[in-house]
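Colleague: So the sequence lines, in the order shown, correspond to chains F and Y. Just so you know, the first sequence maps onto residues 1 to 351 in full-length UniProt numbering. Just so you know, the second sequence maps onto residues 1 to 351 in full-length UniProt numbering. For each residue, glycine too, the CB sits at the ideal point set by N, CA and C. This is the structure, below, for whatever I ask next.
Number of protein chains: 2
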Amino acid sequence: MNVTGHTRRPASIRDVATAAGVSYQTVSRVINGHPSVKPTTRDRVLAAIDELGFRRNATALALASGRTRAVTVLTANTTHYGYASILRGVEEAARAASYAVGIGVLESADETAVAAEVQRAADAGGGLIVIAYDPAGVAALGAVPAELPVVGVVETPASPPGGDRPWVWADDREAAYQATRHLLALGHETVHYVAIPSSTRRTSARTAGWRQALREAGAPEPRPVQSSWGPAGGHAAGLRLAKDPAVTAILCGNDDLALGVLRALHESGRSVPGEVSVAGFDDAPHSAYLTPSLTTVRLDFTGLGRAAFALLHGVLEEAVQVAPHPVSEPELVVRESSGPPPGGVQRRPPA
Amino acid sequence: MNVTGHTRRPASIRDVATAAGVSYQTVSRVINGHPSVKPTTRDRVLAAIDELGFRRNATALALASGRTRAVTVLTANTTHYGYASILRGVEEAARAASYAVGIGVLESADETAVAAEVQRAADAGGGLIVIAYDPAGVAALGAVPAELPVVGVVETPASPPGGDRPWVWADDREAAYQATRHLLALGHETVHYVAIPSSTRRTSARTAGWRQALREAGAPEPRPVQSSWGPAGGHAAGLRLAKDPAVTAILCGNDDLALGVLRALHESGRSVPGEVSVAGFDDAPHSAYLTPSLTTVRLDFTGLGRAAFALLHGVLEEAVQVAPHPVSEPELVVRESSGPPPGGVQRRPPA
DNA sequence: CTGAAAGCGCTTACAG
DNA sequence: CTGAAAGCGCTTACAG
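Rendered as structure tokens:
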């Protein structure tokens with residue numbers, strides 16, 4: 001029951017055709033920018049479109065033409081800073097290209113659950129962007145049927161999990177390398193690492209960059225502390241590391257982890273950066289306002305999302321295929337949480 | 001050009017019909033759970049569906065039936081904790097109901113820009129959920145054509161901006177009231193308020209709850225400090241408030257704002273909670289791990305998102321219309337950032 | 001319980 | 001430059 005009495009059915013191309021005194025195929029030509037339409041005819045059609053408030057039915061377009069101007073982002077997380085920012089970037093670029101953007105959340109890395117989500121995303125039509133920063137995402141990227149257009153946002157360019165699919169990445173390895181070198185240059189004998197969950201069983205790019213910096217400096221290589229994504233995990237890891245008086249520098253897999261580590265050090269009575277230096281990863285919005293403010297590496301997640309969409313767009317519209325490429329250089333942001341070790345420079349002279 | 005030689009066209013109901021030796025209408029009946037199908041026929045169809053890996057084409061379903069199992073969330077923001085959590089709740093509930101979820105970002109509150117985004121969302125088919133916590137969202141909710149199914153997530157139940165549309169809300173007023181009372185009970189003479197941008201020109205629910213608590217206690221009512229959504233705004237506001245030695249308690253419109261205030265107080269050499277107490281709003285994931293940890297009011301944003309979807313689902317499927325209702329009681333979480341004022345209880349005895 | 005027809009709103013060849 | 005036909009993959013009455 002409709003209160004207003006009757007629901008106006010939206011105008012179709014036939015309605016427009018009638019109003020303009022042409023056939024509906026001509027209307028189709030006009031809305032598709034087909035060149036062979038007489039200017040006066042075009043103007044009449046355009047006027048009718050305007051008058052009737054006609055909007056082309058996206059569903060009918062999709063069914064008839066076979067292509068859906070839509071992209072679905074498949075992700076294990078929507079609230080963490082990095083993930084949310086990638087989604088944001090995709091949405092921006094998609095909006096600019098008049099694409100609809102859908103979102104599917106991967107609740108677990110379980111094979112059948114992942115397959116179901118991929119199917120759901122495929123049912124939406126259009127292309128897929130899979131954020132493969134974690135086991136669920138990696139599984140999803142691997143489970144996408146070969147005939148579906150997909151772009152992966154992956155952790156490392158070394159081993160694209162999706163086979164020959166296009167992908168984008170931020171240079172996590174370089175970022176971790178830079179942050180570790182920064183801490184070593186301050187005079188720390190070595191740098192401990194609190195790791196986010198790895199996307200695969202292999203060593204993550206962040207871990208690899210950290211290790212490389214240690215090796216090049218001839219510094220001891222402590223075991224990375226495996227943790228979670230949030231502050232709680234960082235807190236637990238920080239409590240453990242705080243017990244060891246030899247620990248003077250800690251690199252964290254992301255800023256949330258670092259926030260938890262900062263809290264743990266405080267609770268353990270170890271000052272930052274006086275006794276221990278801490279560095280994060282991502283440069284989340286709050287990191288500059290923590291006490292102490294957090295030294296971190298800024299990553300361009302939004303740019304990453306935009307690049308992923310651009311790549312997918314190219315595939316979908318069969319334009320020139322863009323080669324996979326990193327979006328932006330990571331940028332070290334030095335703040336209050338990092339400084340020289342307590343006893344001054346403890347590090348062995350460089351080899 | 002396809003590397004695998006040929007692209008398998010997905011199976012249609014006609015393919016299934018042929019394989020099962022029935023007409024395609026019968027297949028339609030089976031996939032729609034229509035009762036009048038002979039069990040043996042049903043089994044044959046089901047077997048064919050399984051064998052061919054048939055999935056019903058969502059686009060064709062939408063075009064033929066007129067209903068699209070989809071919801072688009074319209075929001076001004078996707079990265080802030082509250083917004084992201086609402087989106088998360090919608091996605092959870094939508095996934096459970098096999099609905100696709102789309103997202104549209106309102107880049108500005110400008111009338112034509114908002115209208116364009118609403119149109120885009122409408123083009124997707126299905127229902128709309130508009131997060132109307134800010135001017136852009138409120139404008140969008142108001143711009144949704146009457147014939148479109150929509151649910152608003154609004155700030156206050158007092159004046160639903162969408163007219164007679166269904167809506168959900170969290171009880172922000174009650175939450176602010178509780179937090180303010182907590183601070184007053186500790187003995188503060190009054191509580192200052194750093195406000196998030198209001199969704200309308202009228203006083204926000206949070207502001208109203210804060211003011212009500214002050215009035216009831218006969219406490220002075222300082223002017224609220226208008227701020228932004230992020231830590232930077234809180235920092236600026238905090239710097240200003242820190243200059244006034246009479247300020248001993250600050251309530252913030254959200255936890256990010258509180259984080260900035262905390263930083264500003266630190267920079268100004270005023271200890272928390274020794275000299276100034278601070279309380280936030282939302283209980284974001286990091287708030288428990290700040291130093292000092294943040295007293296705040298927990299709001300069930302995810303539940304709000306789920307409730308919004310449930311309401312929309314009811315409208316779309318013409319089930320019983322659920323009355324608008326608050327989702328969950330706000331919960332005060334007392335942590336380290338709030339305590340008695342410096343000189344002990346300064347507050348006048350209650351009237 | 002099951003089949004044949006018409007139609008959802010478009011596009012894509014095919015005529016002229 | 002423009003119109004008439006067929007079809008995208010389904011659903012919805014209408015027959016039987």
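So G218(Y) and N254(Y) are in contact, right, with Cβ under 8 Å, and what is the actual spacing, rounded?
Modeller: Actually they are not in contact, since the Cβ atoms of G218(Y) and N254(Y) sit about 28 Å apart, beyond 8 Å.
Colleague: Curious, which full-length beta strand (DSSP E) runs of at least 3 residues does the region 123-165 of chain F contain?
Modeller: Whole beta strand (DSSP E) segments, 3+ residues: 127-132, 150-154.
Colleague: May I ask which residues mark the beginning and end of the beta strand (DSSP E) holding T72(F)?
Modeller: Start and end: 70-75.
Colleague: Do I131(F) and T75(F) count as a contact pair if the criterion is CB distance below 7 Å?
Modeller: Yes, they are a contact pair.
Colleague: Please classify L148(F) as buried or exposed, where buried requires at least 16 neighbouring CB atoms within 10 angstroms.
Modeller: When all chains shown are included, L148(F) counts as exposed.
Colleague: Around the C-beta of V320(F), are 16 or more other C-beta atoms found within 10 angstroms, so that it is buried, or is it exposed?
Modeller: Summary for V320(F): the model assigns pLDDT 49, below 50, so the residue's position carries little reliability, and this model does not support an answer.
Colleague: Cutting at 7 Å between CB atoms, please list the residues of its own chain near A97(F), excluding the five before and the five after it.
Modeller: Excluding residues within five positions, the ones whose Cβ falls inside 7 Å are H313.
Colleague: If I'm right that G238(Y) touches A264(Y) with Cβ under 8 Å, what's the distance once you round it to whole angstroms?
Modeller: Their Cβ separation, rounded to whole angstroms, is 3 Å, which keeps G238(Y) and A264(Y) in contact under 8 Å.
Colleague: Does the contact criterion of 3 or more C-beta pairs under 8 Å hold for the region 327-340 of chain Y versus the region 118-125 of chain Y?
Modeller: The region 327-340 of chain Y vs the region 118-125 of chain Y: no contact.
Colleague: Quick check: what's the CA-CA separation for S12(F) versus L63(Y)?
Modeller: Taking the straight line joining both Cα atoms gives about 13 Å.
Colleague: What residue range does the beta strand (DSSP E) around S277(Y) cover?
Modeller: Run containing S277(Y): 277-279, per the beta strand (DSSP E) assignment.
Colleague: Less than 8 Å between the CB atoms is what I'm expecting for V297(F) and A213(F), so what's the real figure, rounded?
Modeller: Incorrect: roughly 12 Å between the Cβ atoms, too far for contact.
Colleague: Starting from the beta carbon of I103(Y), find every residue of chain F whose beta carbon is closer than 7 Å, and list them in chain order.
Modeller: Ordered by position in chain F, the residues that pass the 7 Å Cβ test against I103(Y) are E91, V101, I103.
Colleague: Could you tell me if T40(F) is buried or exposed, where buried requires 16 or more neighbouring beta carbons within 10 angstroms of its beta carbon?
Modeller: Flag for T40(F) reads exposed.
Colleague: DSSP three-state label for E331(F), please.
Modeller: The answer is strand: DSSP assigns E331(F) an E or B state.
Colleague: Give the secondary structure of R42(Y) by DSSP, where H, G and I count as helix, E and B as strand, and everything else as coil.
Modeller: In this structure, R42(Y) counts as helix in the three-state DSSP scheme.
Colleague: What residue range is occupied by the uninterrupted alpha helix (DSSP H) comprising I196(Y)?
Modeller: No alpha helix (DSSP H) holds I196(Y); DSSP gives it neither H nor E.
Colleague: Over what stretch of residues does the alpha helix (DSSP H) that includes A213(Y) continue unbroken?
Modeller: First-last of the alpha helix (DSSP H) with A213(Y): 205-217.
Colleague: Find the residues of chain F that neighbour A132(Y), judging by a C-beta separation of less than 9 Å, and give them in chain order.
Modeller: Ordered by position in chain F, no residue passes the 9 Å Cβ test against A132(Y), which lies about 19 Å from the chain.
Colleague: When you compare only the Cα positions, how much space is there between R173(F) and T156(F)?
Modeller: Those two C-alpha atoms are separated by around 8 Å.
Colleague: Can A100(F) and A140(F) be called in contact, C-beta distance under 7 Å?
Modeller: Going by C-beta atoms, A100(F) is not nearer than 7 Å to A140(F).
Colleague: Please identify the residue among S85(Y), N32(Y), R9(Y), Y81(Y) whose C-alpha is closest to the C-alpha of G53(Y).
Modeller: Nearest C-alpha to G53(Y): R9(Y).
Colleague: Give, in chain order, every residue of the region 54-66 of chain F whose Cβ lies closer than 7 Å to some Cβ of chain Y.
Modeller: The residues in question are R55, A58, T59, A60, A62, L63.
Colleague: Can you name the residues that DSSP bridges to G104(F)?
Modeller: L74(F).
Colleague: At 3 residues or longer, and completely inside the region 232-283 of chain F: list those beta strand (DSSP E) runs for me, N to C.
Modeller: Counting whole runs of 3 or more residues, the region 232-283 of chain F contains the beta strand (DSSP E) stretches 249-252, 277-279.
Colleague: Leaving out five residues on either side along the sequence, give the residues of the same chain with a beta carbon under 8 Å from the beta carbon of R29(Y).
Modeller: Hits under 8 Å: S36, V37.
Colleague: Under the three-state reduction of DSSP, which class applies to T296(F): helix, strand or coil?
Modeller: In the structure shown, T296(F) sits in a strand (DSSP, three-state: E or B).
Colleague: Nearest chain Y C-beta to Y83(F) closer than 7 Å, yes or no?
Modeller: No, Y83(F) lies away from the interface with chain Y (no Cβ there is under 7 Å from its Cβ).
Colleague: Report back the beta-carbon spacing between P341(F) and G187(F) to the nearest angstrom; my notes put them in contact at under 8 Å.
Modeller: Confirmed, Cβ separation roughly 5 Å.
Colleague: Out of curiosity, what's the CA-to-CA distance linking Y289(Y) and R88(F)?
Modeller: C-alpha separation (whole angstroms): 26 Å.
Colleague: If you compare alpha carbons, which of G127(Y), T79(Y), V73(Y) is closest to A146(Y)?
Modeller: With distances taken between Cα atoms, A146(Y) lies closest to G127(Y).
Colleague: Is the CB-CB distance between L299(F) and A94(F) below 7 Å?
Modeller: For L299(F) and A94(F), no; Cβs fall outside 7 Å.
Colleague: Quick check on V320(Y): does DSSP put it in helix, strand or coil?
Modeller: In this prediction, V320(Y) has a pLDDT of 49, which is less than 50 and means its spatial position is unreliable; what the coordinates show is noted afterwards. Three-state DSSP puts V320(Y) in coil, outside helix and strand.
Colleague: Looking at the C-beta of P231(F), does it have a partner C-beta in chain Y at a distance below 7 Å?
Modeller: Closer than 7 Å to some Cβ of chain Y, the Cβ of P231(F) qualifies, so yes.
Colleague: What do you reckon, are the CB atoms on T291(Y) and H266(F) nearer than 7 Å?
Modeller: Closer than 7 Å, so yes.
Colleague: Please identify the residue among G142(Y), L241(Y), A19(Y) whose C-alpha is closest to the C-alpha of E275(Y).
Modeller: Ranking G142(Y), L241(Y), A19(Y) by Cα distance to E275(Y) puts L241(Y) first.
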